[in-house]
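In the UniProt record's numbering, the protein residues as written are 1 to 79.
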């Protein structure tokens, strides 16, 4: 995988990334309702011991967790 084709699940704790797309169209609609629009900035706050869930900050002020399977559908690039 190249740097421009990472998923949110691949991003290490403390790193920032920008949403560039989605791999699952039906799920992408729900994720966009939560604020995961292309161009949104994400910071990974933590990964649980087995990688699920992933805790993130979205655009610096919105905190949420995603299942690893959901994070794997969000294509990002490091910023």
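Ideal Cβ positions, reconstructed from N, Cα and C, are used throughout, including at glycine.
Pull up the DSSP beta-bridge partners for residue 63, would you. Numbered from its first residue, the chain shown carries residue 63 at position 63. DSSP lists 57 as partners of residue 63.
Along the chain, where does the beta strand (DSSP E) that runs through residue 84 open and close? Only positions 1 to 79 of the chain appear in the structure, and residue 84 is not among them; the question remains open.
Do the CB positions of residue 63 and residue 57 come within less than 9 Å of each other? Locating residue 63 in the chain shown gives position 63, counting from the first residue. Locating residue 57 in the chain shown gives position 57, counting from the first residue. Yes, the Cβ-Cβ distance between residue 63 and residue 57 is below 9 Å.
Just to confirm, are residue 35 and residue 18 a CB contact at a threshold of 9 Å? Locating residue 35 in the chain shown gives position 35, counting from the first residue. Locating residue 18 in the chain shown gives position 18, counting from the first residue. No, they are not a contact pair.
Using the DSSP secondary-structure output, state which residues sit across from residue 6 in a beta bridge. Here residue 6 refers to the residue found at position 6 of the chain shown. Answer is 76.
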